Amino acid sequence: MELSHSQFAGSRAVVIGAGIGGLAAALRLVSAGADVTLCERQSAPGGKMRVVDTPVGPVDAGPTVLTLRGVFDDLFQAANTRLNTHVTLIREEMIARHFWPDGSSLDLFSDQARSYEAVRSFAGQQDAEAFRQFCADARRLFAAFDGPVMRSQRPSLPGILKRTVSDIGLVPIISPFSTLHQSLARRFSDPRLVQLFGRYATYVGGDPYRSPAIMSLIWQAEASGVWAVAGGMYRLALAITKLCQTKGVRFRFNTQVDRIEAGPLGVRAVVLESGARIATDTVVFNGDPRALALGHLGENVGRIARTIVDAPRSLSARVWSFAAQCSGPELALHNVFFTEQPKAEFDALRDGQTPESPTLYVCAQDRAGSDTKLDGQPERFEIIANAPPLTVSEPPEPEFDKCRRITFKTLERFGMRFAPEPGEGALTTPAGFERLFPGSAGSLYGQSPHGMMSTFRRPQARTSVRGLYLVGGGVHPGAGVPMAALSARHAVEAIMQDHALT
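Going by our numbering, the first residue of the sequence shown is number 3, and it counts up by one from there.
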């Protein structure tokens with residue numbers, strides 16, 4: 003439903019949370035003529051798109067890569083401007099550099115032909131052909147589910163079944179009774195390729211041994227183009243914030259929302275911890291929906307998402323963000339150092355334990371657009387290891403010493419050393435993520451993505467409380483920067499539809 007600017011002019015909305023979902027919702031609302039106030043408990047915007055200060059500048063402590071760029075082109079177009087006007091994007095030819103304990107390595111590229119040749123040299127002709135077919139199948143899955151699922155306010159199971167039946171060849175590609183690992187093991191003879199593409203389940207907080215095979219479509223999101231944001235991903239959050247402010251959004255940082263007032267007719271106001279009351283009939287909540295069900299925003303909205311309180315959570319992470327000199331193998335912007343025991347790693351995570359030999363992602367932030375070594379100068383790094391959410395986690399302490407030992411001893415086995423090694427302030431743990439994002443249990447991606455029906459179990463934009471809408475990675479269509487931005491589009495469309503009906 004399309005509404006003109008004038009039809010929505012004068013409507014008041016309050017957005018709670020300045021993550022990418024909240025920022026995108028605020029920008030769409032103000033661009034449609036609404037009077038928007040955004041309340042954020044932290045001192046700066048971005049949510050999980052956050053930074054840590056270092057002597058050589060801020061380093062990303064959250065997402066490091068931009069995919070599905072068209073989602074953001076659409077967002078800025080909705081505000082009558084262009085993405086390129088506000089941030090500088092660097093198209094990365096290399097998707098990532100991958101290392102294994104046996105000394106082998108593999109670069110994958112946005113150019114499929116280059117990746118094909120790299121896989122052929124790495125694993126042989128048979129697996130190169132398997133890779134070609136894998137790419138074709140991932141594109142086909144992505145095209146089939148992009149519209150009816152990701153870009154739909156409410157994914158419809160009958161609609162998806164109809165789409166599948168109309169193209170019966172999709173069924174073996176979806177492989178509905180297989181896990182991602184099982185599907186990949188049938189495709190590739192080289193276990194390293196099974197491990198590499200299985201890792202894409204972790205992008206949405208999943209375990210490849212328990213995630214559905216359909217998650218292979220995540221590969222297509224990267225294969226279709228990877229961008230770095232000059233200055234770090236945080237610059238994207240700053241750019242949306244600045245554009246919102248230019249258009250009239252009022253930001254209230256360091257502002258804790260105490261509760262959402264709602265009655266039989268719906269939302270009435272947002273009440274701050276200070277006691278101030280902001281009257282409104284439209285609230286967009288950009289936080290983990292589990293926080294509502296736990297009563298963090300008052301009993302009036304406590305019935306929202308109750309079914310997910312005890313539902314399995316997605317993975318968390320232990321994230322290092324720091325600056326140091328680095329020696330060892332030649333790094334690209336995005337690097338993955340694989341464990342030699344992938345099943346043991348995910349078994350440990352499932353049991354709430356810290357793997358002794360984890361797979362590590364290393365982002366060398368200052369190498370955006372180039373993989374040239376920086377001649378001994380300090381560089382900015384983000385290192386991510388998967389971790390269990392607090393709902394199944396082992397007792398956390400002494401977490402720092404254990405995490406530092408495991409992380410940097412693992413990288414030393416690949417010949418990589420950092421000087422100096424980072425201190426305690428550089429590490430964010432699952433407990434730290436729970437403090438930053440209350441109600442999340444430290445999970446970074448909301449509910450677990452395991453099971454074919456996981457998409458339909460996620461909370462959606464429109465809630466049972468009139469005037470209350472949800473956005474963010476814990477909401478449909480799911481985790482990740484583009485998905486959070488799409489959730490804002492769904493929420494604002496629902497707001498406009500409900501506004502027109504009123």
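Cβ atoms here follow ideal geometry from the backbone N, Cα and C, with glycine treated the same way.
What you are looking at is a predicted structure, and each value in this text was computed from that prediction instead of being measured.
Identity of the residues DSSP links to residue i by a beta bridge
| i | result |
| --- | --- |
| Leu274 | Val259 |
| Glu384 | Ser323, Cys365 |
| Tyr471 | Val286, Arg464 |
| Ile18 | Cys41, Phe287 |
| Leu392 | Looking at the DSSP assignment, Leu392 forms no beta bridge with any residue, so it has no partner. |
Helix, strand or coil at residue i according to DSSP, with G and I counted as helix
| i | result |
| --- | --- |
| Ala493 | helix |
| Trp102 | coil |
| Tyr211 | coil |
| His336 | strand |
| Phe199 | helix |
| Asp283 | coil |
| Asp192 | coil |
| Asp109 | strand |
| Asn82 | coil |
| Met454 | coil |
| Thr309 | helix |
| Asp62 | strand |
Burial state of residue i, where buried means 16 or more other Cβ atoms lie within 10 Å
| i | result |
| --- | --- |
| Ile242 | buried |
| Ala138 | exposed |
| Pro451 | buried |
| Met152 | buried |
| Thr87 | exposed |
| Ala63 | buried |
| Val17 | buried |
| Phe348 | buried |
| Arg156 | exposed |
| Gly289 | buried |
| Met96 | buried |
| Lys244 | exposed |
Residues near residue i by beta carbon distance below 6 Å, same chain, minus five either side
| i | result |
| --- | --- |
| Leu85 | Phe74, Asp75, Phe78 |
| Glu42 | Ala20, Phe255 |
| Tyr202 | Ile220, Trp221 |
| Arg320 | Ala387, Ala389, Cys405, Thr431 |
| Val477 | Pro461, Ser489 |
| Arg407 | none |
is_contact[residue i, chain C] using C-beta, thresh 8 Å
| i | result |
| --- | --- |
| Arg460 | Of the chains in the structure shown, none is chain C; there is only one protein chain. |
Selection from the options that minimises the alpha carbon distance to residue i
| i | options | result |
| --- | --- | --- |
| Pro57 | Ala307, Phe324, Pro47, Ala132 | Phe324 |
| Leu429 | Glu94, Ile22, Asp55, Leu40 | Asp55 |
| Phe147 | Leu40, Ala223, Gly475 | Ala223 |
| Pro103 | Leu274, Ser45, Phe179, Gly417 | Gly417 |
| Ala486 | Trp221, Leu25, Ser117 | Leu25 |
| Met217 | Pro178, Val251, Val231, Phe420 | Pro178 |
| Ala421 | Ile386, Cys328, Ala334 | Cys328 |
| Pro65 | Ile385, Glu423, Pro391 | Ile385 |
| Pro360 | Ser316, Lys411, Phe402 | Lys411 |
| Ser445 | Pro390, Phe340, Val259 | Pro390 |
| Arg14 | Arg30, Leu29, Ala36 | Ala36 |
| Leu294 | Asn337, Leu274, Gly277, Arg261 | Arg261 |
Same chain, Cβ closer than 7 Å to residue i, five either side skipped, listed in chain order
| i | result |
| --- | --- |
| Ala271 | Glu263, Arg279, Ile280, Ala281, Thr282 |
| Val394 | Gly354 |
| Gly1 | For the chain, the structure presents residues 3 to 504; residue 1 sits outside this window and is missing. |
| Phe435 | Ser318, Ser442, Gly444, Leu446 |
Cβ shell of residue i (< 8 Å), same chain only, five flanking positions each side left out
| i | result |
| --- | --- |
| Met3 | Confidence at Met3 is low in this model, with a pLDDT of 40, below 50, so its placement is unreliable and the value that follows should be read with caution. Counting only Cβ-Cβ distances below 8 Å, and skipping sequence neighbours, we find Glu495, Met498, Gln499, Ala502. |
| Leu5 | The predicted position of Leu5 is uncertain, since its pLDDT is 42 and thus under 50; a value taken from the coordinates is nonetheless stated next. Excluding sequence neighbours, Leu5 sits near Ala34, Met498, His501, Ala502. |
| Ser316 | Val206, Gly207, Gly208, Pro391, Ser445, Leu446, Tyr447, Gly448, Gln449, Ser450, Pro451, Ala481 |
heavy atom of the ligand SAM below 7 Å from residue i C-beta
| i | result |
| --- | --- |
| Leu172 | The ligand SAM is not among the ligands present in this structure, which contains no ligands whatsoever. |
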